[in-house]
Amino acid sequence: TLIPKKVDAAYLFDYRPISLTHIVAKLFAKVLSLRLAPRLAEMVSSNQSAFIVGRSVHDNFILVQQTARQLHQLRLPRVLLKLDIA
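Using UniProt numbering, you'd call the opening residue of the sequence shown number 1 and step up by one each time.
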């Protein structure tokens with residue numbers, strides 16, 4: 001698609017090309033996100049908590065801390081590996 005650079009555009013170099021494909025992709029992404037938002041909590045595993053309304057990343061951190069505390073209280077040889085992949 002071409003849009004004029006000035007009011008009395010007569011030559012090809014008086015026009016500026018623009019692409020509308022990015023606008024179509026943004027529109028599709030917006031519609032898709034609005035349609036999926038109400039059902040997203042059902043579709044995403046309960047272990048995954050980022051970007052879901054009502055869930056917090058801190059909940060998983062607290063769960064890991066409680067698990068580590070319980071393993072420590074059992075006094076059995078155990079290994080717990082905590083990775084923070086950010």
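All residues carry an ideal CB built from backbone N, CA and C; glycine is no exception.
- DSSP, reduced to helix, strand and coil, places L36 within a helical segment of the structure shown.
- Closest by C-alpha distance to V64, out of V31, L83, I3 and I23, is L83.
- Restricting attention to alpha helix (DSSP H) runs no shorter than 4 residues, the segment 20-64 encloses them at 21-36 and 40-43, ordered along the chain.
- Between the alpha carbons of L2 and R16 lies a distance of about 5 Å.
- At a Cβ-Cβ threshold of 8 Å, I52 and L36 do not count as neighbours.
- In this structure, L71 lies away from L81, with their beta-carbon atoms at least 8 Å apart.
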